[in-house]
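*Asks:* After the structure tokens below, expect a handful of questions from me.
In the numbering used here, the protein residues as written are 28 to 442.
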């Protein structure tokens with residue numbers, strides 16, 4: 028029965044309706060006008076059962092890929108539909124290794140036969156699979172061609188490897204890439220146009236009131252001249268980006284359209300949302316997917332928002348919000364590892380956090396505690412001295428009572 032096929036993403040309407048002709052997943056639909064539903068549905072049913080309920084007793088995803096391939100019809104377009112469907116089923120359960128193997132078969136088929144993936148899968152599913160393929164470096168050129176031809180949009184947990192027309196880097200340093208080429212200025216940079224872009228990002232990027240943007244960029248300017256300054260600056264920014272539609276204006280509100288650009292600070296926020304940053308009591312419940320998202324977010328955060336630009340007043344609130352999210356991310360990852368008594372891995376996470384923010388006393392405390400758990404009292408004392416010196420030199424404050432207590436514990440243990 029069609030209803031019993033486990034349904035990933037775009038396939039769910041197909042299964043729910045029981046009507047393969049009207050389902051959102053177009054693999055089991057008529058392919059290029061051919062009525063191949065029964066053949067493909069039967070194939071998918073058999074392969075999915077093998078995938079999720081192998082008779083051998085192996086865990087899902089551990090059956091031989093050759094067995095699946097032998098079950099596919101000979102028609103290349105039908106094979107592609109089935110492979111994409113099964114790859115998505117596998118990805119929902121465990122993307123590695125079977126999901127990647129099936130996806131590689133499907134994309135190789137597209138490359139070798141010049142098939143079009145569009146009739147084989149709905150856009151949402153194809154976007155999800157393309158993102159997975161780019162992350163795993165599977166047939167990257169073929170994937171990028173599919174994305175451009177089908178005008179696919181990335182999913183919520185987007186990937187750094189997606190072929191964005193525009194990439195904007197704000198974490199630690201400011202930079203841009205247009206069509207994967209770094210934006211370099213031969214002469215004086217358009218400072219105000221770039222500041223408008225930075226302020227728009229710091230303000231959320233969606234329907235930001237132009238009055239707030241004008242006041243942020245020209246706080247000392249008279250109101251009579253603000254509109255002219257803003258319009259000229261926006262014109263220069265649109266010309267600089269080369270994609271005017273990336274900066275739509277509606278009802279005196281400006282946006283940065285996420286369909287055209289990737290912003291590292293926004294991607295960091297989405298990744299930490301997807302990783303479901305937990306409280307300490309919920310840390311063991313994190314799924315493998317959430318763990319991967321959290322690790323990706325940690326790698327993405329290379330510094331505080333516009334840190335290289337100095338302390339710009341309008342940037343500070345957003346900088347603090349992103350920094351606090353980074354601290355929560357490091358703490359939740361580290362404490363989960365502490366709960367598992369994986370002290371060396373927890374130490375690595377806290378050290379990474381301190382490389383980014385060497386004034387976070389809480390991270391020093393966690394690091395000292397890990398060294399104490401490992402019986403490394405000398406290392407705990409070294410961490411204490413680093414903390415004390417930096418807090419004194421940079422902030423002019425002494426360590427807190429909690430830090431001093433850890434110091435006394437380390438000192439007593441060495442006697």
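Positions of the beta carbon are idealized from the N, C-alpha and C atoms, including for glycine.
Tell me which residues share the same chain as residue 453 and place their Cβ nearer than 8 Å to its Cβ, disregarding the 5 neighbours each side in the sequence.
*Replies:* Nothing about residue 453 can be read from this structure; the chain reaches only from 28 to 442.
*Asks:* For the beta strand (DSSP E) that contains residue 195, what are its first and last residues?
*Replies:* Looking up residue 195 in the chain shown gives position 168. Note, residue 195: beta strand (DSSP E), 193-196.
*Asks:* Do you know offhand how far residue 381's Cα is from residue 391's?
*Replies:* Residue mapping note: residue 381 aligns to position 354 of the chain shown, counting from 1. Residue mapping note: residue 391 aligns to position 364 of the chain shown, counting from 1. Going from the Cα of residue 381 to the Cα of residue 391 covers about 8 Å.
*Asks:* Thinking just about the alpha-carbon of each residue, which of 299, 298 and 265 is nearest to the one in residue 287?
*Replies:* Start at 1 with the first residue of the chain shown, and residue 287 comes out as number 260. It is 265 whose Cα lies nearest to the Cα of residue 287.
*Asks:* Just the Cα atoms here: how many angstroms apart are residue 377 and residue 423?
*Replies:* If you number the chain shown from 1, residue 377 lands on position 350. If you number the chain shown from 1, residue 423 lands on position 396. Going by the C-alpha atoms only, they are around 23 Å apart.
*Asks:* Across the region 334-343 and the region 271-280, are there enough close Cβ pairs to call them in contact, namely three or more that are closer than 8 Å?
*Replies:* Verdict: no, contact absent.
*Asks:* Where in the region 202-237 do unbroken runs of the alpha helix (DSSP H), each at least 4 residues long, occur, reported from the N-terminal end onward?
*Replies:* Here the runs fully enclosed are 218-229.
*Asks:* Given a cut-off of 8 Å on the beta-carbon distance, is the pair residue 260 and residue 223 in contact?
*Replies:* Translated into the one-based positions of the chain shown, residue 260 becomes position 233. Translated into the one-based positions of the chain shown, residue 223 becomes position 196. Going by C-beta atoms, residue 260 is nearer than 8 Å to residue 223.
*Asks:* Three-state secondary structure (DSSP) at residue 189?
*Replies:* As a working note, residue 189 is residue 162 in the chain shown. Coil.
*Asks:* Can you tell me which of the three DSSP states residue 434 falls into?
*Replies:* Stepping through the chain shown from its first residue, residue 434 is reached at position 407. Helix, per DSSP.
*Asks:* The alpha helix (DSSP H) with residue 370 in it runs from where to where?
*Replies:* Position 343 of the chain shown, counted from the first residue, corresponds to residue 370. That run of the alpha helix (DSSP H) goes 370-383.
*Asks:* Give the DSSP-derived three-state secondary structure of residue 424 in the structure shown.
*Replies:* In the chain shown, residue 424 corresponds to position 397, counting from 1. Looking at residue 424 - three-state DSSP - the assignment turns out to be coil, as it is neither helix nor strand.
*Asks:* Could you tell me how far apart the beta carbons of residue 332 and residue 292 are, in whole angstroms, since I believe they sit closer than 8 Å?
*Replies:* Translated into positions along the chain shown, residue 332 becomes position 305. Translated into positions along the chain shown, residue 292 becomes position 265. Correct: roughly 6 Å between the Cβ atoms.
*Asks:* For the candidate residues 113, 429 and 402, whose alpha-carbon lies nearest to that of residue 414?
*Replies:* Within the chain shown, the letter at position 387 stands for residue 414. Closest option to residue 414, Cα to Cα, is 429.
*Asks:* From residue 198 to residue 158, what does the alpha carbon distance come to, in whole angstroms?
*Replies:* As a position in the chain shown, residue 198 is number 171, starting the count at 1. As a position in the chain shown, residue 158 is number 131, starting the count at 1. About 23 Å.
*Asks:* Would DSSP call residue 245 helix, strand or coil?
*Replies:* Within the chain shown, residue 245 is the residue found at index 218, counting from 1. Three-state DSSP puts residue 245 in coil, outside helix and strand.
*Asks:* What residues in its chain sit with their C-beta under 7 Å from that of residue 170, if we drop five residues either side in the sequence?
*Replies:* Start at 1 with the first residue of the chain shown, and residue 170 comes out as number 143. Taken in chain order, the residues that qualify are 134, 157, 160 and 161.
*Asks:* Can you tell which of 319, 342, 325 and 236 has its C-alpha closest to the C-alpha of residue 275?
*Replies:* Here residue 275 corresponds to residue number 248 of the chain shown, with the count starting at 1. Residue 275 has its Cα closest to that of 236, out of 319, 342, 325 and 236.
*Asks:* What runs of the alpha helix (DSSP H), each 4 residues or longer, lie entirely inside the region 104-144?
*Replies:* Runs found: 127-140.
*Asks:* Quick check on the DSSP output: the alpha helix (DSSP H) that includes residue 361 runs from which residue to which?
*Replies:* If you number the chain shown from 1, residue 361 lands on position 334. First-last of the alpha helix (DSSP H) with residue 361: 343-366.
*Asks:* Starting from the C-beta of residue 250, find all residues in its chain whose C-beta is less than 6 Å away, skip the five residues before and the five after it, and write them out in chain order.
*Replies:* Counted from its first residue, the chain shown places residue 250 at position 223. Excluding residues within five positions, none has a Cβ falling inside 6 Å.
*Asks:* Could you compute how far the alpha carbon of residue 262 sits from the alpha carbon of residue 393?
*Replies:* Position 235 of the chain shown, counted from the start, is the residue given in the question as residue 262. Position 366 of the chain shown, counted from the start, is the residue given in the question as residue 393. So the alpha carbons of these two residues sit roughly 49 Å apart.
*Asks:* In its own chain, which residues sit with a C-beta less than 7 Å from the C-beta of residue 435, not counting the 5 before and 5 after it?
*Replies:* Numbered from its first residue, the chain shown carries residue 435 at position 408. Correct list: empty, nothing qualifies.
*Asks:* Rounded to whole angstroms, what is the Cα-Cα separation between residue 215 and residue 439?
*Replies:* Against the chain shown, residue 215 aligns to sequence position 188. Against the chain shown, residue 439 aligns to sequence position 412. So the alpha carbons of these two residues sit roughly 59 Å apart.
*Asks:* Thinking residue 404 and residue 441 are a contact (beta carbons under 8 Å), I'd like their distance in whole angstroms, please.
*Replies:* In the chain shown, counting from the first residue as 1, residue 404 sits at position 377. In the chain shown, counting from the first residue as 1, residue 441 sits at position 414. Sure, about 5 Å apart at Cβ, within 8 Å.
*Asks:* Looking at residue 364: is its Cβ nearer than 8 Å to the Cβ of residue 325?
*Replies:* Looking up residue 364 in the chain shown gives position 337. Looking up residue 325 in the chain shown gives position 298. Against a cut-off of 8 Å, the Cβ pair of residue 325 and residue 364 comes out as no contact.
*Asks:* Between residue 350 and the rest of its own chain, which residues show a CB-CB distance below 6 Å, the 5 nearest in sequence each way excluded?
*Replies:* Taking the first residue of the chain shown as position 1, residue 350 is located at position 323. Same-chain partners within the cutoff: 331.
*Asks:* Going by the beta-carbon positions, is the gap between residue 408 and residue 373 smaller than 8 Å?
*Replies:* Counted from its first residue, the chain shown places residue 408 at position 381. Counted from its first residue, the chain shown places residue 373 at position 346. The answer is no: Cβ separation not under 8 Å.
*Asks:* From the DSSP output, in three-state form, read off residue 331 for me.
*Replies:* Residue mapping note: residue 331 aligns to position 304 of the chain shown, counting from 1. Note: residue 331 maps to coil in three-state DSSP.
*Asks:* Taking only the alpha-carbon atoms, compute the straight-line gap between residue 116 and residue 174 and give it to the nearest angstrom.
*Replies:* Numbered from its first residue, the chain shown carries residue 116 at position 89. Numbered from its first residue, the chain shown carries residue 174 at position 147. For residue 116 and residue 174, the distance between alpha carbons rounds to 21 Å.
*Asks:* Using beta-carbon positions only, say whether residue 386 and residue 433 come within less than 8 Å of one another.
*Replies:* Your numbering for residue 386 matches position 359 in the chain shown. Your numbering for residue 433 matches position 406 in the chain shown. Taking 8 Å as the Cβ cut-off, residue 386 and residue 433 do not qualify as a contacting pair.
*Asks:* Less than 8 Å between the C-beta atoms of residue 13 and residue 370, yes or no?
*Replies:* This structure cannot speak to residue 13, because the chain is shown only from 28 to 442.
*Asks:* According to DSSP, is residue 281 part of a helix, a strand, or is it coil?
*Replies:* The sequence position of residue 281 within the chain shown is 254, counting from 1. The answer is strand: DSSP assigns residue 281 an E or B state.
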